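Reminder that position 92 of the sequence shown reads as 92 in UniProt numbering, one-by-one numbering, no gaps. No residue lacks a Cβ here, since even glycine has one placed at the ideal position from N, Cα and C. None of these values were measured; they are calculated from a predicted model.
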Amino acid sequence: MWPVVLSTKNVNLLASKPYVMGPKPSGPRFLLYIDPSGDIFLENNTQHIFRVDEDHAINIQSSNGEPITATILDGIITREKINDAGSKYDDQENGTPGKLTFVIQDAIRCNGKCLINLNIVQRIAFIREQIIEPRMNAVNNREEKEAFDLDIVEYQDAYQTESYLSRDFTERYKYPFDALFFYPRDKGYKHGPNSDILKWQKHDNQKCCFRLKISEGIEETAELYVMGPRQSEIKYGTIFLTEEIKKLDGRIITCRYFDHQWIFCAQRHDRNHPNGRRAIKDKMEALENAVSHDHLLTILEKSKGLN
Numbered sequence: 001m002w003p004v005v006l007s008t009k010n011v012n013l014l015a016s017k018p019y020v021m022g023p024k025p026s027g028p029r030f031l032l033y034i035d036p037s038g039d040i041f042l043e044n045n046t047q048h049i050f051r052v053d054e055d056h057a058i059n060i061q062s063s064n065g066e067p068i069t070a071t072i073l074d075g076i077i078t079r080e081k082i083n084d085a086g087s088k089y090d091d092q093e094n095g096t097p098g099k100l101t102f103v104i105q106d107a108i109r110c111n112g113k114c115l116i117n118l119n120i121v122q123r124i125a126f127i128r129e130q131i132i133e134p135r136m137n138a139v140n141n142r143e144e145k146e147a148f149d150l151d152i153v154e155y156q157d158a159y160q161t162e163s164y165l166s167r168d169f170t171e172r173y174k175y176p177f178d179a180l181f182f183y184p185r186d187k188g189y190k191h192g193p194n195s196d197i198l199k200w201q202k203h204d205n206q207k208c209c210f211r212l213k214i215s216e217g218i219e220e221t222a223e224l225y226v227m228g229p230r231q232s233e234i235k236y237g238t239i240f241l242t243e244e245i246k247k248l249d250g251r252i253i254t255c256r257y258f259d260h261q262w263i264f265c266a267q268r269h270d271r272n273h274p275n276g277r278r279a280i281k282d283k284m285e286a287l288e289n290a291v292s293h294d295h296l297l298t299i300l301e302k303s304k305g306l307n
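See below:
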């Protein structure tokens with residue numbers, strides 16, 4: 001399921017029916033597959049599939065000790081933050097970030113059971129019971145060589161959002177904070193874009209993916225391309241050519257729009273194609289019609305009676 005950006009044009013959806021909300025950490029999105037034989041795979045946005053080799057396999061068992069199989073989880077690959085000295089998220093020995101973690105945001109199937117007709121709260125509760133809690137109880141059986149750890153998001157009633165908007169929450173949150181997702185409480189899993197699943201980011205932080213193209217003989221600017229009609233790539237805009245991006249000709253990059261210009265953020269190794277022209281148009285409209293902190297809370301106050 002793919003959300004749309006929250007804007008003043010759709011924010012009233014939050015007051016039209018019961019919603020739940022959960023934090024999304026920064027990081028690339030993956031699907032995690034466990035096949036019927038128990039082998040584990042990750043699929044990224046470009047539909048590249050990576051097998052987690054046996055030497056670094058994740059110990060995922062049910063409460064009765066049987067391996068979990070035939071499972072599809074939707075989540076984010078991220079790392080725990082380095083906080084202040086003494087934080088439990090520090091690696092006290094060498095000061096490096098915490099272990100790589102797959103944070104489960106949603107689920108499609110678990111141990112052969114199809115979950116798409118359950119709502120988001122029920123899907124997460126099922127995964128917590130079947131995978132996360134048995135894994136926590138078997139913490140002594142985990143191998144240090146596991147490729148990554150597992151964690152899971154916790155969804156709350158949307159009117160409780162205020163506590164997630166504070167600086168204190170951002171600092172305490174275990175992972176780099178990216179956004180808040182809002183899901184209709186009673187909605188099942190629906191593939192593809194969902195106009196009633198909403199994503200809100202602080203500080204109007206709308207990021208877009210482009211293909212960078214550097215023309216020969218041009219020293220000041222490079223061109224940004226997006227997907228256009230019939231899977232063709234078309235020019236969308238330009239970006240100042242800096243030393244940082246001179247070696248990225250032809251690569252997919254993420255940029256943010258600030259002060260009427262595109263600013264380079266990072267190279268995207270998990271994408272083969274830029275965003276579509278319509279997707280970027282929607283993000284730019286959301287930037288122009290951004291929902292402020294206070295506006296969001298005002299709408300959510302109206303939603304209390306829906307739960």
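| field | Run of the beta strand (DSSP E) containing E223, from where it starts to where it stops | value | Here residue 223 corresponds to residue number 223 of the sequence shown, with the count starting at 1. Its beta strand (DSSP E) spans residues 221–227.
| What number of angstroms, rounded off, separates the C-alpha of L300 from the C-alpha of G38? | To locate residue 300, count along the sequence shown from 1; it is residue 300. To locate residue 38, count along the sequence shown from 1; it is residue 38. About 42 angstroms.
| message | Tell me the DSSP secondary structure of F126 in three-state form. | response | What you label residue 126 is simply residue 126 of the sequence shown in a count that begins at 1. Of the three classes helix, strand and coil, the one that applies to F126 here is helix, per DSSP.
| Sufficient close CB pairs (3 or more, under 8 angstroms) joining the stretch 63–71 to the stretch 24–35 | yes
| request: Please determine, among R123, K113, K99, L100, the residue with the shortest C-alpha to C-alpha distance to D106. | output: Here residue 106 refers to the residue found at position 106 when the sequence shown is read from its first residue. Ranking the options by Cα distance to D106, first place goes to R123.
| task | Use the C-beta contact count for C114: other C-beta atoms within 10 angstroms, 16 or more gives buried, fewer gives exposed. | result | The residue you call residue 114 lines up with position 114 of the sequence shown. Counting Cβ neighbours within 10 Å, C114 comes out exposed, since fewer than 16 surround it.
| field | Cβ-Cβ separation, K283 to C208 (assumed contact under 8 angstroms), whole Å | value | Working through the sequence shown from its first residue, we reach residue 208 at position 208. Working through the sequence shown from its first residue, we reach residue 283 at position 283. Correct: roughly 6 angstroms between the Cβ atoms.
| said: Considering Cα atoms alone, identify which of Y189, I120, A222, D270 is closest to Q156. | reply: Looking up residue 156 in the sequence shown gives position 156. Selected option, being the one with the closest Cα: I120.
| query | Where does T69 fall in DSSP's three states? | reply | Taking the first residue of the sequence shown as 1, we reach residue 69 at position 69. In this structure, T69 counts as coil in the three-state DSSP scheme.
| request: Output yes or no for whether 9 angstroms exceeds the beta carbon distance between P25 and I76. | output: The residue you call residue 25 lines up with position 25 of the sequence shown. The residue you call residue 76 lines up with position 76 of the sequence shown. Against a cut-off of 9 angstroms, the Cβ pair of I76 and P25 comes out as a contact.
| query | By how many angstroms is the C-alpha of H273 removed from the C-alpha of F210? | reply | The residue given as residue 210 occupies position 210 in the sequence shown. The residue given as residue 273 occupies position 273 in the sequence shown. Taking the straight line joining both Cα atoms gives about 8 angstroms.
| request: Give me whichever residues DSSP pairs with C110 in a beta bridge. | output: In the sequence shown, the residue the question calls residue 110 occupies position 110. K113, per the DSSP bridge assignment.
| Which residue comes first and which comes last in the alpha helix (DSSP H) that contains V296? | Within the sequence shown, the letter at position 296 stands for residue 296. Per the sequence presented here, residue 296 reads as Leu, with Val not at that position. Residues 293–302.
| query | Can you pull the DSSP bridge partners for A179? | reply | The residue given as residue 179 occupies position 179 in the sequence shown. DSSP lists K24 as partners of A179.
| query | Should I218 go down as buried or exposed, given a rule of 16 or more other Cβ atoms within 10 Å for buried? | reply | Position 218 of the sequence shown holds residue 218. Counting Cβ neighbours within 10 Å, I218 comes out exposed, since fewer than 16 surround it.
| request: Indicate the three-state DSSP secondary structure (helix, strand or coil) for F169 in the structure shown. | output: Working through the sequence shown from its first residue, we reach residue 169 at position 169. It is helical.
| field | P23 vs P184 beta-carbon contact at 9 angstroms | value | Position 23 of the sequence shown, counted from the first residue, corresponds to residue 23. Position 184 of the sequence shown, counted from the first residue, corresponds to residue 184. Contact annotation: P23 and P184 have beta-carbon atoms that are not nearer than 9 angstroms.
| message | Given this structure, state the Cα-to-Cα distance separating S16 from T221, to the nearest angstrom. | response | In the sequence shown, the residue the question calls residue 16 occupies position 16. In the sequence shown, the residue the question calls residue 221 occupies position 221. Spanning the two alpha carbons is a distance of roughly 46 angstroms.
| field | Opening and closing residue of the alpha helix (DSSP H) in which E233 lies | value | Along the sequence shown, one-based indexing puts residue 233 at 233. No alpha helix (DSSP H) contains E233, which is instead part of the beta strand (DSSP E) from 233–240.
| field | Range covered by the alpha helix (DSSP H) that runs through P134 | value | For this step, residue 134 is matched to residue 134 along the sequence shown. Looking at the DSSP string, the run of the alpha helix (DSSP H) that includes P134 is 133–137.
| query | For the putative contact between L253 and R277, defined by C-beta atoms under 8 angstroms, what is the C-beta separation to the nearest angstrom? | reply | Here residue 253 is taken as the residue at index 253 of the sequence shown, counted from 1. Here residue 277 is taken as the residue at index 277 of the sequence shown, counted from 1. The question names Leu, but residue 253 is Ile in the sequence shown. I253 to R277, Cβ: 17 angstroms. No contact.
| field | Through-space distance from P193 to A279, alpha-carbon basis | value | In the sequence shown, residue 279 corresponds to position 279, counting from 1. In the sequence shown, residue 193 corresponds to position 193, counting from 1. Between A279 and P193, the C-alpha separation is close to 11 angstroms.
| Spatial neighbours of residue 309 in its chain, beta-carbon cut-off 6 angstroms, leaving aside the 5 residues before and after | Here the chain has residues from 1 to 307 only, and residue 309 is not among them.
| task | Find the nearest neighbour of L241 within the set I127, M227, S215, judged by alpha-carbon distance. | result | Numbered from 1 along the sequence shown, position 241 holds the residue referred to as residue 241. For L241, the nearest C-alpha among the options comes from S215.
| query | Under a Cβ-count criterion, where at least 16 other Cβ atoms within 10 Å of its own Cβ denotes burial, should D84 be classed as buried or exposed? | reply | Locating residue 84 in the sequence shown gives position 84, counting from the first residue. Low confidence applies here, because D84 scores a pLDDT of 49, under 50, leaving its location unreliable; read the following figure in that light. Burial call: exposed.
| Taking the continuous beta strand (DSSP E) assigned at A57, which residues delimit it? | Locating residue 57 in the sequence shown gives position 57, counting from the first residue. Neither: A57 is in no beta strand (DSSP E) and is coded neither H nor E.
| Which whole-angstrom value is the C-beta distance of L212 and G250, which I expect to be below 8 angstroms? | Mapped onto the sequence shown, residue 212 falls at position 212. Mapped onto the sequence shown, residue 250 falls at position 250. Right, the Cβ-Cβ distance comes to about 7 angstroms (below 8 angstroms), so this counts as a contact.
| said: Tell me the rounded alpha-carbon separation between F290 and V20. | reply: By one-based count along the sequence shown, residue 290 stands at place 290. By one-based count along the sequence shown, residue 20 stands at place 20. Residue 290 is actually Ala in this sequence, not Phe. Rounded to whole angstroms, A290 to V20 spans 20 angstroms at the Cα level.
| message | Can you find the residues in the same chain that come closer than 8 angstroms, C-beta to C-beta, to T101, ignoring five residues on each side of it along the sequence? | response | As a position in the sequence shown, residue 101 is number 101, starting the count at 1. Excluding sequence neighbours, T101 sits near I77, T78, R79, E80, F148, D149, L150, D151, Y175.
| query | Which residue comes first and which comes last in the alpha helix (DSSP H) that contains I280? | reply | Residue mapping note: residue 280 aligns to position 280 of the sequence shown, counting from 1. Element bounds for I280: 277–288.
| task | Can you tell me which of the three DSSP states E146 falls into? | result | As a working note, residue 146 is residue 146 in the sequence shown. E146 falls in the coil class under three-state DSSP.
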